[in-house]
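Novice: Numbering (the working numbering), first residue to last: 1087 to 1176.
Ideal Cβ positions, reconstructed from N, Cα and C, are used throughout, including at glycine.
1) Quick check: the region 1108-1120 against the region 1147-1156, are at least 3 beta-carbon pairs closer than 8 Å?
2) Count the other C-beta atoms from every protein chain shown that fall within 10 angstroms of the C-beta of residue 1134, then say buried if there are 16 or more, exposed otherwise.
3) What number of angstroms, rounded off, separates the C-alpha of residue 1151 from the C-alpha of residue 1099?
4) Closer than 6 Å by C-beta to residue 1161: which residues in its own chain qualify, once you throw out the five before and the five after it? Chain order, please.
5) Counting along the chain, where does the alpha helix (DSSP H) carrying residue 1129 start and finish?
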């Protein structure tokens, strides 16, 4: 698995955990910025697009001060499926 994909998944995981722990915290925005930077390094394929969408949804939840939303759940599932079918993830 490419290191960039691993780093993007890890930073998104951190941002999600921080969002669930303290949705309105300024630290969430820092984690989102790191996740966005890691995802920006990925190729714009299915996995990259799914992860980009997930980062955007995390930021929207943070700005709304909520730990989850229906859109976040949908895009989280889409990102998980994209990672499962991505041959680089194996």
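Specialist: Reading off the structure:
1) Result yes; three or more Cβ-Cβ pairs closer than 8 Å.
2) Label assigned to residue 1134: buried.
3) Each residue's Cα considered, the two are about 18 Å apart.
4) Excluding residues within five positions, the ones whose Cβ falls inside 6 Å are 1139, 1140, 1143.
5) Looking at the DSSP string, residue 1129 is not in any alpha helix (DSSP H), and its letter there is neither H nor E.
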